[in-house]
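The sequence shown lines up with residues 248 to 560 when you count with our numbering. Even glycine gets a Cβ: it sits at the ideal position worked out from N, Cα and C. Read through the structure below, which is laid out as structure tokens, and then see the notes.
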Amino acid sequence: MAATKLPPLSRRRALLGLAALASTSCRRRGSPSPPEPAPAAAEAAPPGWKELAFEPESGGEDPQRALLLAPAAAGAPPLLVALHGRGEAVRGVEVGARGWRDDYALDATLKRLLAPPLAPEDLGGMVKRERLAQLNASLRDHPYAGLCIATPFTPDLRDRSVEGAASFGRFVVERLLPRARAEGGCQAAREATGIDGVSLGGRLALLVGLSNPDVFGAVGALQPAVRASEAEMFSTLARRAMERHAVALRLVSSEADPFLPAIQAISDRLRQDRVAHELLIVPGPHDYAWNRGPGGVEMVLWHERVQRGLSPP
């Protein structure tokens with residue numbers, strides 16, 4: 248899909264983006280406002296979800312947790328690692344690991360993908376008619392066949408560099424993926440392995456995924472918490488990854504996302520450096536309702552298509 252172009256953005260929106268980034272990276276005291284309840288938040292793990300505990304391997308590490316969804320499907324499904332945002336990171340390991348299931352209502356998203364066509368309300372009303380038609384055409388031509396989805400706790404790292412994300416990347420690659428494959432029957436091929444996330448998780452998905460192109464064949468980011476000044480860094484990381492292996496790369500933002508100017512700047516630099524990628528801009532704000540609507544639908548369907556070798560909508 249061709250990149251979506253918007254009119255030039257105001258200085259005010261750019262400043263809003265910087266303010267939002269500062270709030271995700273610098274504010275560490277107190278607790279964020281709790282999210283509004285998900286439409287169908289479950290008190291107990293629904294069928295198909297398994298909780299994974301990882302004890303520290305050395306004295307300097309913290310315990311880790313993840314949820315794993317392994318669908319009852321014929322054959323071994325592809326595997327997606329989905330990372331949550333900062334709102335869950337500051338609420339602790341247990342809450343964070345359950346973020347996509349409990350706070351972002353991923354079960355409801357998957358249920359609708361299995362029973363198309365999608366209606367505007369399935370995306371919280373945050374969808375344009377043309378995009379909804381594209382999603383439904385894809386589901387009509389190739390019914391959604393399922394993914395293994397692993398949702399680890401995503402840390403709010405003080406060091407926001409490539410090097411700062413390396414330890415979390417090692418956990419994902421060396422501990423989470425092998426266990427998810429062993430316990431979920433997921434595929435092991437890099438072409439069938441993806442990573443994505445929202446906001447803080449989108450940033451980490453880019454850093455971890457593009458640092459490990461021999462592991463991840465698909466890398467996405469939903470409203471990633473990035474700065475325009477980091478465009479060269481992300482483009483260099485992506486270019487070096489593509490020199491090693493072809494990676495399907497996608498950035499997703501929304502019209503009222505304060506990170507949109509920075510995401511567009513990174514896309515512009517990727518295009519300038521001839522790094523193949525997709526930029527998708529949809530309606531909506533940067534909030535929980537968006538995660539439960541366009542965020543979850545776009546993430547899951549894109550990865551399921553790409554990781555099965557199908558054309559994404």
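message: Quick check: what's the CA-CA separation for V473 versus S385?
response: Along the sequence shown, one-based indexing puts residue 473 at 226. Along the sequence shown, one-based indexing puts residue 385 at 138. If you take the alpha carbons of V473 and S385, they lie about 30 Å apart.
- request: Tell me S500's beta-bridge partners as DSSP assigns them.
  value: Taking the sequence shown and counting its residues from 1, one reaches residue 500 at position 253. For S500, DSSP records a beta bridge to I528.
- prompt: Counting along the chain, where does the beta strand (DSSP E) carrying V466 start and finish?
  reply: Residue numbering aside, residue 466 sits at position 219 when the sequence shown is read from its first letter. It spans A465 to L469 - the beta strand (DSSP E) in which V466 sits, taken as one unbroken run.
message: Check for me: the beta strand (DSSP E) holding P399 runs from which residue to which?
response: For this step, residue 399 is matched to residue 152 along the sequence shown. P399 -> beta strand (DSSP E) spans C395 to P399.
- prompt: Taking only runs of the beta strand (DSSP E) that begin and end inside the segment 298-376, which ones reach a length of at least 3 residues, in chain order?
  reply: Fully enclosed beta strand (DSSP E) runs of 3 or longer: 311-316 and 326-330.
message: Taking a contact to mean a Cβ-Cβ separation below 8 Å, would you say L527 touches Y391 in this structure?
response: Sequence index remark: in the sequence shown, residue 527 carries index 280 (1-based). Sequence index remark: in the sequence shown, residue 391 carries index 144 (1-based). No, these two residues do not count as a Cβ contact at 8 Å.
- prompt: From A336 to C433, what distance separates their C-alpha atoms?
  reply: In the sequence shown, the residue the question calls residue 336 occupies position 89. In the sequence shown, the residue the question calls residue 433 occupies position 186. Between A336 and C433, the C-alpha separation is close to 26 Å.
task: Have a look at T356 and L453 and give me their C-alpha separation to the nearest angstrom.
output: Along the sequence shown, one-based indexing puts residue 356 at 109. Along the sequence shown, one-based indexing puts residue 453 at 206. If you draw a straight line from the Cα of T356 to the Cα of L453, it comes to about 23 Å.
message: Using only the alpha-carbon positions, how far apart do P560 and L382 sit?
response: For the purposes of this step, residue 560 is taken as the residue at position 313 of the sequence shown. For the purposes of this step, residue 382 is taken as the residue at position 135 of the sequence shown. The alpha-carbon separation between P560 and L382 amounts to approximately 6 Å.
query: Are there three or more Cβ pairs, one per stretch, closer than 8 Å when the segment 357-373 is compared with the segment 339-347?
result: Put simply, the segment 357-373 does not touch the segment 339-347. Fewer than three CB pairs are less than 8 Å apart.
Burial state of G372, where buried means 16 or more other Cβ atoms lie within 10 Å: To locate residue 372, count along the sequence shown from 1; it is residue 125. The residue in question, G372, is exposed, as its Cβ has fewer than 16 Cβ neighbours within 10 Å.
Collapsed DSSP secondary structure at A512 in the structure displayed: For the purposes of this step, residue 512 is taken as residue 265 along the sequence shown, with counting starting at 1. For A512, the three-state secondary structure derived from DSSP is helix.
message: By the three-class DSSP mapping on this structure, what secondary structure does A495 have?
response: For the purposes of this step, residue 495 is identified with residue 248 of the sequence shown, where counting begins at 1. Strand, per DSSP.
query: A439: buried (16+ other C-beta within 10 angstroms of its C-beta) or exposed?
result: As a first step, residue 439 is located in the sequence shown; it is residue number 192 there, counting from the start. By the 10 Å Cβ count, A439 comes out buried.
message: So, with DSSP's three-state summary, where would you put G431?
response: For the purposes of this step, residue 431 is identified with residue 184 of the sequence shown, where counting begins at 1. In this structure, G431 counts as helix in the three-state DSSP scheme.
task: Taking only the alpha-carbon atoms, compute the straight-line gap between P402 and V445 and give it to the nearest angstrom.
output: On the sequence shown, residue 402 is found 155 positions in, with the first residue counted as 1. On the sequence shown, residue 445 is found 198 positions in, with the first residue counted as 1. Going by the C-alpha atoms only, they are around 13 Å apart.
- request: Reducing DSSP to helix, strand and coil, say where V462 ends up.
  value: To locate residue 462, count along the sequence shown from 1; it is residue 215. Residue state for V462 is assigned as coil, using DSSP reduced to three classes.
Best match in K297, H492, F415 and S408 for proximity to M480 [C-alpha to C-alpha]: As a position in the sequence shown, residue 480 is number 233, starting the count at 1. Selected option, being the one with the closest Cα: S408.
task: Could you check which residue in P508, A512 and R486 has the C-alpha nearest to that of V522?
output: Residue mapping note: residue 522 aligns to position 275 of the sequence shown, counting from 1. Of all alpha-carbon atoms in P508, A512 and R486, the one lying nearest the alpha-carbon of V522 is that of R486.
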